[in-house]
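What follows is a short report on a single structure.
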Amino acid sequence: MRGVPVWASLIALLEDGVPSVGVVSAPALQRRWWAAHGQGAFASVDGARPRRLSVSSVAELDSASLSFSSLSGWAQLGLRNRFIELTDAVWRARAYGDFLSYCLVAEGAVDIAAEPEVSVWDLAALDILVREAGGRLTSLTARRAARRQRRGDQRPAAQRGSGQARRGVAWRPRMSSSADDPFTVPTTHWHRLDDGRLQCDVCPRACKLHEDQRGLCFVRGRRADQIVLTSYGRSSGFCVDPIEKKPLNHFLPGSAVLSFGTAGCNLACKFCQNWDISKSRETDTLASRAGPGDIARAADELGCRSVAFTYNDPTIFWEYAADVADACHRRGVKAIAVTAGYMCPAPRAEFYRHIDAANVDLKAFTEDFYRKVCVGHLHDVLDTLVYLRHEANVWLEITTLLIPGRNDSDAELAAECAWIRENLGVDVPLHFTAFHPDYKMTDTPPTPPATLRRARRIGIDEGLRFVYTGNVHDTEGGTTCCPGCGTAVVVRDWYAMRHYALTDDGCCRGCGCQLAGVYDGPEGGWGRRRLPLPASLSTV
Numbered sequence: 001m002r003g004v005p006v007w008a009s010l011i012a013l014l015e016d017g018v019p020s021v022g023v024v025s026a027p028a029l030q031r032r033w034w035a036a037h038g039q040g041a042f043a044s045v046d047g048a049r050p051r052r053l054s055v056s057s058v059a060e061l062d063s064a065s066l067s068f069s070s071l072s073g074w075a076q077l078g079l080r081n082r083f084i085e086l087t088d089a090v091w092r093a094r095a096y097g098d099f100l101s102y103c104l105v106a107e108g109a110v111d112i113a114a115e116p117e118v119s120v121w122d123l124a125a126l127d128i129l130v131r132e133a134g135g136r137l138t139s140l141t142a143r144r145a146a147r148r149q150r151r152g153d154q155r156p157a158a159q160r161g162s163g164q165a166r167r168g169v170a171w172r173p174r175m176s177s178s179a180d181d182p183f184t185v186p187t188t189h190w191h192r193l194d195d196g197r198l199q200c201d202v203c204p205r206a207c208k209l210h211e212d213q214r215g216l217c218f219v220r221g222r223r224a225d226q227i228v229l230t231s232y233g234r235s236s237g238f239c240v241d242p243i244e245k246k247p248l249n250h251f252l253p254g255s256a257v258l259s260f261g262t263a264g265c266n267l268a269c270k271f272c273q274n275w276d277i278s279k280s281r282e283t284d285t286l287a288s289r290a291g292p293g294d295i296a297r298a299a300d301e302l303g304c305r306s307v308a309f310t311y312n313d314p315t316i317f318w319e320y321a322a323d324v325a326d327a328c329h330r331r332g333v334k335a336i337a338v339t340a341g342y343m344c345p346a347p348r349a350e351f352y353r354h355i356d357a358a359n360v361d362l363k364a365f366t367e368d369f370y371r372k373v374c375v376g377h378l379h380d381v382l383d384t385l386v387y388l389r390h391e392a393n394v395w396l397e398i399t400t401l402l403i404p405g406r407n408d409s410d411a412e413l414a415a416e417c418a419w420i421r422e423n424l425g426v427d428v429p430l431h432f433t434a435f436h437p438d439y440k441m442t443d444t445p446p447t448p449p450a451t452l453r454r455a456r457r458i459g460i461d462e463g464l465r466f467v468y469t470g471n472v473h474d475t476e477g478g479t480t481c482c483p484g485c486g487t488a489v490v491v492r493d494w495y496a497m498r499h500y501a502l503t504d505d506g507c508c509r510g511c512g513c514q515l516a517g518v519y520d521g522p523e524g525g526w527g528r529r530r531l532p533l534p535a536s537l538s539t540v
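Under full-length UniProt numbering, the letters of the sequence shown match residues 1 to 540, in that order.
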């Protein structure tokens with residue numbers, strides 16, 4: 001015994017050769033997993049309240065995580081090189097090993113578990129666990145293992161996880177909240193497919209769902225034969241911020257904004273700076289709860305001139321965000337979307353009728369980056385940028401987080417800035433912000449300040465009028481200059497304004513040139529303050 005705590009007792013009950021009950025107990029980890037036919041799969045840590053399990057919603061191999069036990073078994077079968085090719089094809093491979101790989105698949109923490117040789121006693125309990133969590137087990141050739149149909153069980157074996165056999169272990173996630181959940185509301189923008197699945201049409205992922213399955217975003221899913229939103233009225237927290245932190249430098253400068261988000265995201269960015277919120281799969285942790293009227297009232301009473309849907313993308317909870325925006329407008333408070341812009345045209349048009357300003361994260365300017373790092377597509381985001389600039393009544397600013405060696409070459413930055421100039425115009429502000437190691441890119445170094453200054457110079461040389469740096473202390477990079485006379489009209493020190501020389505309607509006090517943006521009265525005085533709010537806005 002070496003003292004490694006990853007060991008377990010596995011117990012299964014077989015009926016007619018098919019597992020109907022399974023229990024996995026790992027005392028050293030203080031964890032237990034169990035499942036029963038037709039009853040779902042569950043887990044508990046140190047005797048805590050059981051949690052229902054649901055497998056991952058990842059649908060592409062290059063964004064999947066793979067767990068295995070060792071390489072020796074693959075070598076003995078002459079498949080070592082083939083297996084290494086598989087590990088190269090997935091996003092990440094880890095050797096969690098043995099029973100734990102399959103338990104993590106059932107939890108949704110791992111997407112694929114693969115082993116070359118197993119016995120009945122190895123997999124009997126794990127088989128029912130994975131299947132009841134919404135997944136399935138196959139052979140190495142991706143063929144479903146033959147099972148005799150249990151007496152009285154009339155369900156076709158191919159209903160669950162169909163179309164995913166090439167993955168080896170396939171899945172679709174289950175929804176766990178109850179039908180009378182007050183935070184679950186019906187939605188529009190979905191349609192029925194010929195095979196009975198429902199396709200969500202909110203974003204380009206087009207998740208295709210069976211009953212009780214969730215999409216990749218995790219907060220939209222199928223229940224009672226319709227697509228529902230499960231996070232309406234729930235938030236991961238509320239905070240009053242300076243508007244420049246969104247960042248928006250040309251929208252009510254110096255004012256306070258009430259910021260909040262929910263959970264989940266429809267992209268899978270490996271560098272996500274808010275991953276604890278955007279990648280959350282525990283909607284029960286959304287302790288902050290407030291209806292649209294509560295949020296509008298709080299913003300008004302706190303002196304916030306706007307409310308921002310941020311921390312995670314409002315695309316996935318746009319119905320809730322739109323209702324909040326309407327409630328805010330009735331009190332004279334504006335609405336802001338901080339988004340990746342990954343949204344289909346029809347719901348996008350409906351959502352942005354309620355929005356006053358948006359900052360769109362343009363993650364990079366290559367399709368390769370979007371596909372490999374974000375599991376998305378660049379062209380969908382560019383389409384949203386063009387729509388917001390030319391078809392919507394929304395003030396637009398853009399942010400690109402610069403990651404060393406990934407999206408910060410001179411050629412890519414020049415191409416991005418040239419595209420903005422030609423397709424959106426020279427007056428759209430562009431923010432280059434600094435990356436810090438986080439989430440799945442902790443081995444990448446932070447962005448050097450010199451990279452941000454270089455990017456800003458490239459943007460200015462390409463003809464853009466308003467190019468800024470962010471996430472670093474750079475007074476010059478935060479300064480707004482008048483495009484008419486070149487005078488510094490707004491000088492920022494972090495998020496605090498040290499000099500302001502614009503009229504109430506945004507004209508240069510020196511030459512009278514009108515600056516692009518939304519201006520209404522004198523500059524605000526919120527400064528650099530950050531004010532977290534209570535979990536329930538009813539107490540504000």
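We treat Cβ as the ideally placed atom computed from N, Cα and C, and that holds for glycine.
Query                                                                                                                   : Result
Reduced DSSP secondary structure (H/G/I, E/B, other) of THR138                                                          : strand
Pair within 7 Å by beta-carbon distance, SER57 and SER101                                                               : no
Burial state of PRO5 (16 or more Cβ within 10 Å)                                                                        : exposed
7 Å CB neighbourhood of SER25 in its chain, flanking five on each side removed                                          : ALA8, SER9 and ARG32
Spatial distance of TYR232 from VAL381 (CA atoms)                                                                       : 25 Å
PHE68, DSSP secondary structure in three states                                                                         : coil
Cα-Cα separation, SER72 to ARG82                                                                                        : 13 Å
Beta strand (DSSP E) segments (min. 3 residues) lying fully within the stretch 442-526                                  : 467-470, 488-493 and 496-500
Contact check, ILE128 vs GLY22, beta carbons under 7 Å                                                                  : yes
Beta-carbon spacing of GLY376, TYR342 below 7 Å                                                                         : yes
GLY108 versus TRP395, HIS431 and GLN213, residue with shortest Cα-Cα distance                                           : GLN213
Limits of the beta strand (DSSP E) - the one that SER306 falls within                                                   : 306-309
Segment contact flag, the stretch 259-275 with the stretch 436-450, C-beta cutoff 8 Å, min 3 pairs                      : yes
Distance cut-off 6 Å: TRP91 Cβ against heavy atoms of the ligand MN                                                     : Because no ligand of any kind appears in the structure shown, any question about the ligand MN cannot be addressed here.
Cβ-based neighbour list, ALA321, same chain, cut-off 6 Å, excluding 5 preceding and 5 following                         : PHE309 and PRO314
C-beta contact flag for residue 569 and CYS374 at 7 Å                                                                   : Any answer about residue 569 is impossible in this case: the structure gives the chain only from 1 up to 540.
Any 3 or more C-beta pairs closer than 8 Å across the stretch 324-339 and the stretch 292-307                           : yes
Supposed contact pair VAL518 and HIS250 - C-beta distance, whole angstroms, cut 8 Å                                     : 7 Å
Neighbourhood of GLY477 by C-beta distance below 7 Å, restricted to the same chain and skipping five residues each side : LEU452, ARG453, ARG456, TYR468 and THR469
Outcome for LEU252 when other beta-carbon atoms lying within 10 angstroms are tallied against a minimum of 16           : buried
Minimum length 4: unbroken alpha helix (DSSP H) runs contained in the stretch 322-362                                   : 345-352
Closer than 7 Å to chain D by CB, THR184                                                                                : In the structure shown, chain D does not exist; there is a single protein chain.
Outcome for SER119 when other beta-carbon atoms lying within 10 angstroms are tallied against a minimum of 16           : exposed
Those runs of the beta strand (DSSP E) which lie wholly inside the stretch 172-239 and span at least 3 residues         : 190-192, 198-200, 220-223 and 226-229
Distance, GLY17 Cα to CYS269 Cα                                                                                         : 43 Å
Alpha carbon of LEU14 to alpha carbon of GLN30, nearest angstrom                                                        : 26 Å
Integer Cβ distance of LYS245 from TYR500, believed to fall under 8 Å                                                   : That belief does not hold up - the Cβ atoms of LYS245 and TYR500 are roughly 17 Å apart, past 8 Å.
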